[in-house]
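Q: Just so you know, we're using the numbering used here here: the sequence shown kicks off at 2 and counts up by one.
My questions all concern the structure below.
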Amino acid sequence: MQDAVIVAAARSPIGRAHKGSLRDLRPDDLAAEMVTAALAQVPALDPAEVDDLMLGCAQPAGEHGYNMGRAVAVLAGLDGVPGTTVNRYCSSSVQTTRMALHAIRGGEGDVFLSAGVEMVSRYQYGKADGLPQTRNPRFAEAAARSERLAGNGGTWTDPREAGDLPDLYLAMGHTAENVAQVMGVSRADQDAFAARSQQRAQASIASGFWADDITPVTRPDGVVVSADDGPRSGVTAESLASLEPVFRPDGTVTAGNCCALNDGAAALVLMSMQRARDLGITPLARIVSTGLSALSPEVMGLGPVESCHQALGRVGMKVSDVDLVELNEAFAAQVVPSVRELGLDEERVNVHGGAIAVGHPFGMTGARLTTTLLNALRWEDREIGMLSMCVGGGQGMAMIVQRLG
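Here is the structure:
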């Protein structure tokens, strides 16, 4: 069984949706630019040898539609390379990497592109959630129950205990409030974590880490974007404490202790170890294992816990064997209890800041976390890294890598 290795990684800056630096770019154009940038890092590879381009996207409609993965291949000049678009919400571009891993291990190809993109600025608004209303009406009562809980307060309980459907379409902020409630995560806990994310991001901007992590993008107006829009200086837990709750009047989730809506794209080049050797390429990392889990959609934020346990257990590893962790910061309300439940050392988690500061373009995030983790392992001279995230609809995903280059 062949090892799968990552030989190149490129990620764009992350823009604020609607008002940020990338709002005028199309998602397929930006993704194609990152694919081209990743391939340029491995000049020994003939791009025609790529077996498939797999693109993650959380809302593949509108400009994100029409099998955008194939459009990206053609825009990147890869007419002879197949393309597909994959949706597993926030873990979409970990899923594409996992698919490449399985294909390589199964002997069904040697070279794959795993990419991800989300341009929330380009969503087609004017309809519910910016997309056609296609929600199954069988979840209507669950939605009504969620509205009552949000408006009147009360304690969240699993609706399955009463034989009811969970609210599959519950807004992510409300799921974070549920997690904070059932896991005892205070507002102070969340604000302290969010402030740490911003402060670490600022320190890493100063050190040059983020400049090293980002592939600059030139907009149609000629402006070069080379930094993320999100990081803010001077953020403290005390300054965050003044913000009002966003989702529930008596809630704890604010605009300061969760990620923003964002735009961005990233791409990875994966190979079999043997093909990399044949081409004389030193891989960046080997994919060790992955994990995939599911739980109630109403507390989806705890998804990283079981998926990380799976990824570790499949290779006989313990949390203590992991040097660095990139845990997607959708909400501090879900990261804080996930860290606690996994027994992670906070000094090894998101050492350069996370999505609360940097951003979370849904389909891009898996590939962005991978890129950042590989660079962090190199900067910190560490070997084993793990990334994970919660996933809309009640899922979790994780991946473990071993640095080689």
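For each residue, glycine too, the CB sits at the ideal point set by N, CA and C.
As the structure is a computational prediction, the values presented were derived from the model and not from experiment.
Please report how far the alpha carbon of Gly-247 lies from the alpha carbon of Val-337, in whole angstroms.
A: Checking the displayed sequence, the identity of residue 247 turns out to be Val instead of Gly. One C-alpha to the other measures close to 19 Å.
Q: Which same chain residues, not among the five before or five after Thr-237, have their C-beta less than 6 Å away from its C-beta?
A: Ala-196
Q: Report the partner residues of Thr-291 according to the DSSP bridge assignment.
A: Beta-bridge annotation (DSSP): Thr-291 is paired with Met-400.
Q: Using a 10 Å radius around the Cβ and a threshold of 16 neighbouring Cβ atoms, would you call Asn-376 buried or exposed?
A: buried
Q: Out of Asp-230, Ala-163, Met-184, which one is the CA nearest neighbour of His-361?
A: Asp-230
Q: What is the residue span of the alpha helix (DSSP H) that Gly-314 lies within?
A: 304–314
Q: Express the C-alpha separation of Gly-152 and Thr-37 in angstroms, rounding to a whole number.
A: 48 Å
Q: Examine the Cβ distances between the segment 46–54 and the segment 104–116 and report whether three or more of them are shorter than 8 Å.
A: At 8 Å Cβ cutoff, the stretches touch.
Q: Can you list, in chain order, the residues of its chain with a C-beta nearer than 8 Å to that of Lys-128? Leave out the 5 residues immediately preceding and following it.
A: Reliability of the predicted coordinates at Lys-128 is poor, the pLDDT of 49 falling under 50, and no value is obtained from them.
Q: Tell me which residue opens and which closes the alpha helix (DSSP H) that Arg-369 is part of.
A: Segment 366–380, the alpha helix (DSSP H) holding Arg-369.
Q: Buried or exposed: Arg-276, going by 16 or more other Cβ atoms within 10 Å of its Cβ?
A: The residue in question, Arg-276, is buried, as its Cβ has 16 or more Cβ neighbours within 10 Å.
Q: Please report how far the alpha carbon of Asp-192 lies from the alpha carbon of Ala-242, in whole angstroms.
A: 7 Å
Q: What are the complete alpha helix (DSSP H) segments, minimum 4 residues, inside the segment 76–114?
A: 93–106
Q: Applying the criterion that 16 or more other CB atoms from any shown protein chain within 10 Å of the CB defines a buried residue, is Tyr-67 buried or exposed?
A: exposed
Q: Can we say the segment 219–230 touches the segment 279–290, given the rule of at least three CB pairs closer than 8 Å?
A: no
Q: Residue range of the alpha helix (DSSP H) that Ala-193 falls in?
A: 188–208
Q: Determine whether the beta carbon atoms of Arg-383 and Leu-328 lie at a separation below 8 Å.
A: no
Q: So Gly-57 and Val-87 are supposed to be a Cβ contact under 8 Å. How far apart are they, rounded?
A: 5 Å
Q: Mind the definition here: the segment 259–267 touches the segment 16–32 only if three or more C-beta pairs lie below 8 Å; say whether that holds.
A: yes
Q: Measure the alpha-carbon distance for Ala-10 versus Glu-381 and round it to whole angstroms.
A: 18 Å
Q: Look at the alpha carbon of Glu-34 and the alpha carbon of Asp-165, and state the distance between them as a whole number of angstroms.
A: 46 Å
Q: Identify the residues that DSSP records as bridge partners of Cys-259: which are they?
A: Phe-332
Q: Would you kindly check if the distance between the Cβ of Leu-280 and the Cβ of Ala-45 is under 8 Å?
A: Yes, Cβ-Cβ distance for Ala-45 and Leu-280 is below 8 Å.
Q: For Met-400, count neighbouring C-beta atoms within 10 Å of its own C-beta (all shown protein chains included) and say buried if the count is 16 or more, exposed if not.
A: A residue is called buried once 16 or more other Cβ atoms fall within 10 Å of its Cβ, and Met-400 is buried on that count.
Q: Between the alpha carbons of Ile-7 and Asn-351, how many angstroms are there, rounded?
A: 21 Å
Q: Can you check which of these residues, Ser-198, Leu-150, Gln-199, Tyr-170, is closest to Asn-179 by C-alpha distance?
A: Nearest C-alpha to Asn-179: Leu-150.
Q: On the CB-based measure, 16 or more other CB atoms within 10 Å of its CB, does Arg-315 come out buried or exposed?
A: exposed
Q: With 16 other CB atoms within 10 Å as the buried threshold, where does Asp-213 fall?
A: exposed
Q: From this set, Glu-109, Val-75, Glu-119, which residue's C-alpha is nearest Ser-94's C-alpha?
A: Looking at the Cα atoms, Glu-119 is the closest of the given residues.
Q: Measuring alpha carbon to alpha carbon, tell me which of Phe-140, Gly-154, Ile-206 ends up nearest Arg-161.
A: Phe-140
Q: Quick check on Leu-241: does DSSP put it in helix, strand or coil?
A: helix
Q: Name the two residues that bound the continuous beta strand (DSSP E) containing Ser-13.
A: No residue range can be given for Ser-13, since it is assigned to no beta strand (DSSP E) and is classified by DSSP as neither H nor E.
Q: Can you grab the Cα-Cα spacing for the pair Ile-385 / Met-318, in whole Å?
A: 11 Å
Q: From Ser-297 to Leu-79, what does the alpha carbon distance come to, in whole angstroms?
A: 40 Å
Q: From the DSSP output, in three-state form, read off Val-218 for me.
A: In this structure, Val-218 counts as strand in the three-state DSSP scheme.
Q: If I measure Cβ to Cβ from Met-387 and keep anything under 6 Å in the same chain, skipping five residues before and after, which residues do I get?
A: Val-323, Val-326, Ile-401
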